Structure formats: structure tokens, C-alpha cells
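Colleague: Got a structure for you, questions after.
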Amino acid sequence: MSQHKIDILERALAREKAARKQAEKILEDKAAELYDTKHKLEKSYSELQALLNKTDSQLQGVFENIVDAYVIIDLFGYILKMNDAAVSLLGFKHNKENFNLMNMVPPNEVERVQETFKKLFKEGAVTNFHVNIITKTNQNLLVHINASVIYDQGIAVAAQGIVRDITKEKEAERQLIESENRLAILIQNLESGVLLEDENRKIVLTNTKFCELFNIPVSPDFLVGQDCSHSAEQSKSLFEDPEGFVSRINDIVKIKKKVLSDEVKMVNGTILERDYIPIYEKNTYKGHLWKYTDVTLNRNYRKSLETQKEKYGNIIANMDLGLIEVDNDNKILLTNQSFCEMSGYSEKELIGKIGSDLFPIEEDRGKLNDEMENRKKGQSNSYEIKIKTKKGEIRHWLISVAPNYNLKGEMVGAIAISLDITDIKNLELQKERLLGQLAKSNDELQEYAHIVSHDLKSPLRSINALVSWLKEDNKDKLDKTSLQNFNLIEETVEKMEQLISDILMYSSISSDENNKEAVNLNEVVTDLIKMLYTPEFITINIIKPLPEINGYKTKLQQVFQNLICNAIKFMDKENGIINISVEDFDDYYQFSIQDNGIGIEEQFHDKIFKVFHSLKKSKDSTGIGLSIVQKIVQLHEGKIWLESKINQGTTFYFTLKK
Amino acid sequence: MKTLTILLIEDDMIEVMKLNRTISSLQLNHKIIEAINGEEALKILEKKDELPDIILLDLNMPKINGIEFLGILKNDPILKYIPTIILTTSNNQRDLLECYKIGIAGYVLKPLKYEEYVSKIEKLLAYWSINELKQI
């Protein structure tokens, strides 16, 4: 072994020794470092542990003191833990009750709850789950649940949840919706057109009336969101002053200040009242509301009211009737010009005076007081009264008074209209007097006719008696001619007597409505035909049944008797036929009596109805018969005429009112 | 047949003659008292022991007319029992009603012809002859 070798070895050893020493030093250092770190770690762990414990208990406190109910359940729904809020909400007596929450779920909610459970375990949490439950104390509640799953080392072991009673909230919400709906319906059906725009002039809300007023043919909902910046321009043609309408709207929108009762007239005559109400929220402009109300009727009503008022004002001022208004004490409050003229007093002299003291004459004052009493009971009345004018003239007034009420319906006096009827009254009195006189002179005339006829007939009777005595006493002494002459005297006397009777009858035909009765003409004429002497060669036929008529029986009988007798009297044919018939017209009957006798010349057709115009002088014709017939027909508001041909016959026609 | 005492109140002379002649020609024994107007008749009727059985009264008379006379008669406690028959020319309904209202025993119209007059009077008197009358 060489030194050299040894040296090399020794040097190697020394290097090794140094290296080992160095390594030992590093190791020592590292060990110390490690210890230090471990120490630090331990400290930090314990700090962490403390922190954790603290948080845990803090949380515990939070859960226990939380306002909302907090429940932990196991995977089957049994309650593991709950706070006091949960105890009271769910109706438990204490928090240690062993109860399965599923028992609180009503049957109709079971399915939903099960699905939610599945979702909970699948996703680890559910929020905002609304469910109806029945609590231990049998209360129906709507609850809101947020729940999450509790895991232990990754395995679900339980679920926890916060349960909030939202029954009331829900109810309030429902009510809110309802009231919102009501409001919406109200707006929809408002009698005013409403348009709500936001700050960008987009429509937020409008209603049916608005669409109607502006001729917009779509439903109001459809307009929501539309821009209104140009709508004024589009609608302007509907208005009487289109440019004014647009510029006014632009001004209003620009200024953004409340504008009420702007009036705009539409072309179709509608008058609208427009309100503009800007809406501010915390001083920020958020939009505005337009409201259009159709006031056409109101305006027109007011206008026509004013016209009417003016009209009646004019009438009152200018009418010929006196108008006077008095208060409850009869103090005169107002008169018109005519009243002043009628009474002779000036308006100044009348106002404030007591009307009932001023005018009536003494004898009518009581009557006036009665009328005033009636008026106090609220009655309107009209009456005639005699009054004295300022000049002392007595005049007749017709007064019509009505109570006057104020707006509250209290009687505050009366308004009277008076008409001077003195002239009419005088005429009336005159008429009454004349009528009285007429009745009297009619009566007198009747009397006179009777007396005259009596006085005229008496000598005839005497002549007749004397002639018959002469004949009787000289039966054997008189020759044939003398006897004939006596007979002629008797005939003349008889004719004279008939004449007087006829004149008396003619002058006695007058109407007296009270003696009218229902007359069955068929009976009358049938009886008449039986009673009359009819030669055998003459037949009388009633062609159509005669009607019943309201009239004077004996007089109507006279008409038929006269006409039938005439037909018999002037019958020259071997087969005489007399036909009686009737035609029914609207308000009268037309009778006809037709014969096939000698006929009457046309020139006499009118004349024969005149008194004393007998065509054939015969011993039993006085010439008054047809005059009497005509007078009776006229009394029944009818007329009489005839058609005739010489040698062929005559038909008399006459009408009688139904 | 009973013999009647008849008071005839009539202002017309010929009418009086007619009644007299009628009664004599019919050979009746009735006694006729004549009065030419109401006043005279009332005077005759004052003698209460010689009252007539019936009265024939003309309505048309001067001074007191027939209806007035009838009124006076019917207001008298004794005279009102004497049947009074109106014998007149007037067929005025108003007169007729008035007379019946006051109280009459008949209303006979004087006919134009004397023969008819005789026939009417004959019947009238025959009727009253068989009637029971108040005893005077």
C-alpha cells in the first residue's frame, strides 16, 4: 500500500467524515423544522376545532330561535327534531313527539308530496314547495317549504326543512288579485275613456270606452305597449279643430302638469271633457293618464235648459196672463207687466203688499181664504173671483194657483196666473139671460099655440053643434040642397079643425133629449100597418127588417104614418104596392117608402115639404103633413127627399142618425 | 040609475046648451047647475047642504082659470071629495099632467062633432051614475 494510496484513502475518509457531519447537521435542522411545523399544525387544528364548535352551537341557536318552523325528519318522515315554532305551527304539545309528517298530508296532496320527496332525495334540496296540510289540531294550512337532505359521509341520513305558514299571505294575495281584477273590470267598463301611458308614451292600460270614443276597432288589451307619440295625429280628423287638438296634446305632454276639464268638440257633435294627470314616483316622471268623458248630454242639457229658461222668461214677460208670485204670508214677491196692467197698480206698488188684502171685493174674501187653506195642503186650484182694480173697477178674474216649492221640497209660497174674464163673464151672463128668455118665450109660444088652437076650435065645435041641431030640429022641413049645404058646412068645419090640429102639432115639434128612447121601428111600422085602413088592392111590404133607433117614438111613428098614408091616398093602380126598406150606412140609416102611384112632378119635389103646399086639394089634406115629417126627420139629424116619375110612382127617402 | 047633481063650470054659452040638450035628448034626469066662471062656482059651492055630486070643469076660463080653480077645490076639506072631471079642448100634456097631479076624476076632450060629444057625455054620466059618492 503506498502512501499515496494511503493518502488517497485518508483524504477520502476525511471527505466522508465531513460529508456525514454536514448531513447530520441538515438532518438536525430539518428535524427541528418539522417539530416546529407539527406544533403549529396542532395549534391551528385546535383553533379550527373551537371555531367549528362555536359555529355549530351558533347554528343550533339560530335554528332553535328561528321564527319559521324548522323540522328534521328521517328518511321515512318521522320527526327527529323541531324547533318551538314548528311545535306551535304543527300543533304539537312539545318537541319530543314521535310523529310522521306524512300523516299531516291530506289525501289529495299525497301524490304531489311523494313526488317532491323523490325530487328532494334526487337533487338534495327543494325550494318553494307549497302544500296544504292538516295540523295535529285539525287546522287546514297552506305552507311553504324549503328543504334539504342531510348527508353523513356522503350518505343521506335525514332531511331538514323550513316550513312557513302562508295561508294568510295566500288569502291576501288572492284578495289582491281579486281587487285588481275588479279594478280592471271597473276601468274596462268605465263611462270615461282612460289611457295610461308610461314615460316613453307606451300604452300601459286603456279601456273599451276609450276605443269607442276614438273609433279604434280593436279590443283595449290589444293596444297595450303601442306607442302613442303619433296617435294624436292619427285621431285628429275626429275633432272639429284637428290642428288645435294635436298642438294642445303636445303642449300638455311637454309641460307635464295636471290639466282638468279641457273641452274638445268632435266632428260628430260629441263633446268630450279631457283630464291629463301626470304620474310621478319619487319626483320622477313615470307616465301620465288621459281621461276622456262624454259630456255631450250634459252640455246639450244645460244649453237647452238655458234656452227653455229664456223662452219661458219671455213668455212670462210678454203673455197676456197676469203672473204673480207670493210667499206663504201672501206677500207679493213678483209680478209681470200684464198683471200690473190688469190690476192698475205698478210693480212698485205691489211688491211686498199682501195680495189677498189688496184685490178681492168683500163678498169674495171668504172664498179666497178657503182657496188659500187648500193651497196650504199642497193643492193646485183654479177659481173665479171678483176683484177691484186700483181705479175701483170690478173685474172678474180666473185665477189658477199652484204651490211653489224650494229645492228642499218645502212650500215657500204660490204662483198664480190670472186672466181677466170680465168680458167673457159678461157674455156668459148675457148668454144665460138670453137662454132663459128663449126658454121662456118657447114655453110662451107653446102655450100660445095651445090657447090659440083652443080658441079657434071652440067656435068650430059650436058651429058643428048648431048645424047638427038645425038639421035635427028641421029634419022634415029642409030640402035636399039645404041638407047638402049643411053637410058642406060640417065638412069645412072638420077640415078647419084638422088644420088647426096640424098647425099645433107642427109648432110643438121640438127636441128634448131627455125624452129620447130606443125605438124598434120594425115594431112601430108593423103595428102601424095593422092599424091603418088599407084598401084591399094595395099591398104593403117591409122588404128589410127595420132597425132600432134612438129617438122619439110617437114622432117617428108619425113620419111613417104620414108617408104610408100619402102612398095609399094617391094610389091609382089596380095592384097597388108599397115597399118599405132600409139601407145601413156608417152613422145613419136610409129608409125608403116606395109606391107605384100617380107620381109627383119634379117641379114640386122641393115645394111639397113647405107648409100649406098641398098638391091635391082634398078634404083630408091640410098641406102640413110633409112639413111635419120633414121637421121630425130633421129633429133626428136626418134629411128627406124623393124620387118620382109621373104615373109610375114615388119613392120617399129619409135618413135617421144612428 | 041614480040622478046626479052636476055642476058645470063653463063660460061658453053654446057649450052649456050642448050639455043641456044632450041630457034632455038622452032623457036623463040629472040636475045641472051652471056657473059661467070659477068665482060663480065657488059661490055656489059655499052652500054646503046643496053640494053637487060631480063637477064638469072647463080649463079655459077668464079670471080664475080651470087649474087654479081645481087647486082651490082640492085644498078645501069638504069640496076636495067632489069628483071633478075636466071637459076641455086642450090636449096639452102639461095641463093634463098638472090636473092629474092636483087630483081629478077624469079628463075628457071636447070633440068637434056634436054626435061624438053626445056619446062621450052619455058614457061619462052613465059611469058616474053607478059610482058610490060621498054622502052630503
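Protein sequence lines correspond, in order, to chains A and Y. Residue numbering for the first sequence follows the numbering used here, starting at 2 and increasing by one per position. Residue numbering for the second sequence follows the numbering used here, starting at 31 and increasing by one per position. Ideal placement from N, C-alpha and C gives every residue a C-beta, glycine not left out. Note that the structure is predicted; figures quoted are calculated from it, not measured.
Determine whether the beta carbon atoms of A:S381 and A:V402 lie at a separation below 8 Å.
Modeller: Cβ atoms of A:S381 and A:V402: closer than 8 Å.
Colleague: Jot down the residue ranges of each uninterrupted beta strand (DSSP E) in the segment 473 to 554 of chain A, minimum 3 residues, whole runs only, in chain order.
Modeller: The qualifying runs are 518 to 521, 539 to 543 and 549 to 552.
Colleague: Kindly indicate which residue of A:E603, A:N284, A:P546 and A:D607 has the alpha-carbon position closest to the one of A:S593.
Modeller: Closest option to A:S593, Cα to Cα, is A:P546.
Colleague: When you compare only the Cα positions, how much space is there between A:K258 and A:Y277?
Modeller: When rounded, the distance between both Cα atoms is 8 Å.
Colleague: Excluding the 5 residues flanking Y:G68 on each side, which residues of the same chain have their C-beta closer than 8 Å to its C-beta?
Modeller: Correct list, in chain order: I39, M91, K93, I94, N95, G96, E98, F99 and I102.
Colleague: Of all Cβ atoms in chain Y, is any one closer than 8 Å to the Cβ of A:V494?
Modeller: Output row for A:V494: interface = yes.
Colleague: Does DSSP put A:F653 in a helix, a strand or coil?
Modeller: Strand, per DSSP.
Colleague: Please list, in chain order, the chain A residues whose beta carbon lies closer than 8 Å to that of Y:L142.
Modeller: Result: K458, L461, R462, N465, V494, E495 and E498.
Colleague: Using beta carbons (cut-off 8 Å, strictly below), is Y:S54 in contact with chain A?
Modeller: Output row for Y:S54: interface = no.
Colleague: Please list the partners that A:S469 has in chain Y, where partner means a Cβ-to-Cβ separation under 8 Å.
Modeller: Those within 8 Å of A:S469 in chain Y are K143, Y144 and E145.
Colleague: Any contact between the segment 128 to 136 of chain Y and the segment 439 to 451 of chain A? By contact I mean 3 or more CB pairs, one from each, below 8 Å.
Modeller: They do not touch, by the three-pair rule.
Colleague: By the criterion of Cβ-Cβ separation under 7 Å, what are the contact partners of Y:S120 in chain A?
Modeller: Within chain A, the residues near Y:S120 are H451 and H455.
Colleague: Using a Cβ-Cβ cut-off of 6 Å (strictly less than) and excluding sequence neighbours within five positions of A:S262, which residues of its own chain qualify?
Modeller: These residues qualify, in order along the chain: E274.
Colleague: Does the segment 625 to 644 of chain A touch the segment 562 to 573 of chain A, meaning 3 or more C-beta pairs lie closer than 8 Å?
Modeller: Cβ pair count under 8 Å is three or more, so yes.
Colleague: What are the residues of the segment 91 to 103 of chain Y that lie near chain A, defined by any Cβ-Cβ distance shorter than 9 Å?
Modeller: Cβ contacts with chain A come from no residue of the segment 91 to 103 of chain Y.
Colleague: Do the segment 52 to 72 of chain Y and the segment 632 to 641 of chain A meet, that is, are 3 or more Cβ pairs less than 8 Å apart?
Modeller: Touching, no, given that fewer than three Cβ pairs across the two stretches are closer than 8 Å.
Colleague: A:L324: which of A:L306, A:Y302, A:I352 and A:Q309 sits nearest, CA to CA?
Modeller: Out of A:L306, A:Y302, A:I352 and A:Q309, A:I352 has the C-alpha closest to the C-alpha of A:L324.
Colleague: Along the chain, which unbroken stretches of the alpha helix (DSSP H) at least 4 residues long are found entirely within the segment 170 to 246 of chain A?
Modeller: Taking only runs of at least 4 residues, the alpha helix (DSSP H) segments lying wholly in the segment 170 to 246 of chain A are 209 to 214, 221 to 224 and 232 to 236.
Colleague: How long is the line joining the alpha carbons of Y:L126 and Y:K104, rounded to whole angstroms?
Modeller: So the two alpha carbons sit approximately 16 Å from each other.
Colleague: Distance check for A:D228 and A:A160, CA to CA, integer angstroms please.
Modeller: For A:A160 and A:D228, the distance between alpha carbons rounds to 53 Å.
Colleague: How would you write the range of the alpha helix (DSSP H) that A:N382 sits in, first residue to last?
Modeller: Per DSSP, A:N382 belongs to no alpha helix (DSSP H); it is in the beta strand (DSSP E), N382 to K389.
Colleague: What residue range is occupied by the uninterrupted alpha helix (DSSP H) comprising A:E124?
Modeller: Segment V111 to E124, the alpha helix (DSSP H) holding A:E124.
Colleague: Please name the residue, chosen from A:P404, A:A417, A:S383 and A:P361, that lies closest to A:I395 on a Cα-to-Cα basis.
Modeller: When each option's Cα is compared against that of A:I395, the closest is A:P361.
Colleague: Who are the neighbours of Y:D42 on chain A, taking C-beta pairs under 8 Å?
Modeller: The answer, in chain order, is S459 and S463.
Colleague: Specify, as a first and last residue, the run of the beta strand (DSSP E) that Y:A135 falls within.
Modeller: Counting along the chain, Y:A135 falls outside any beta strand (DSSP E), and DSSP gives it neither H nor E.
Colleague: Assuming Y:D83 and Y:T35 make a contact with CB atoms under 8 Å, what is their CB distance in whole Å?
Modeller: Indeed they touch by this definition, with Cβ atoms about 5 Å apart.
Colleague: Any idea which residues DSSP pairs A:L1 with across the strands?
Modeller: With chain A represented from 2 up to 659, any question about residue 1 of chain A goes unanswered, as that position is not in the structure.
Colleague: Label Y:E146 either buried or exposed according to how many other C-beta atoms from any shown protein chain fall within 10 Å of its C-beta, with 16 as the threshold for buried.
Modeller: It counts as exposed.
Colleague: Check whether the segment 596 to 603 of chain A touches the segment 470 to 481 of chain A, counting contact only when three or more Cβ pairs, one atom from each stretch, lie closer than 8 Å.
Modeller: Judged by Cβ distances under 8 Å, the segment 596 to 603 of chain A makes no contact with the segment 470 to 481 of chain A, as fewer than three pairs qualify.
Colleague: Can you give the beta carbon distance from A:G600 to A:T651, rounded, assuming they're within the 8 Å contact cut?
Modeller: So it is a contact: roughly 6 Å between Cβ atoms.
Colleague: What first and last residue would you give for the alpha helix (DSSP H) that runs through A:S339?
Modeller: Segment Q338 to S344, the alpha helix (DSSP H) holding A:S339.
Colleague: Taking C-beta pairs closer than 7 Å, name the residues in chain A that Y:K48 reaches, listed in chain order.
Modeller: Near Y:K48 (Cβ distances below 7 Å), the residues of chain A are A466.
Colleague: Would you report the Cα separation of A:K41 and A:L81, rounded to the nearest angstrom?
Modeller: Going from the Cα of A:K41 to the Cα of A:L81 covers about 40 Å.
Colleague: Once the 5 residues before and after A:T336 are set aside, which same chain residues still bring their CB inside 6 Å of it?
Modeller: Excluding sequence neighbours, A:T336 sits near I325, E348 and L351.
Colleague: Please classify Y:M43 as buried or exposed, where buried requires at least 16 neighbouring CB atoms within 10 angstroms.
Modeller: Exposed is the call here.
Colleague: Which residues does DSSP pair with A:G414 in a beta bridge?
Modeller: Looking at the DSSP assignment, A:G414 forms a beta bridge with A:D328 and A:N405.
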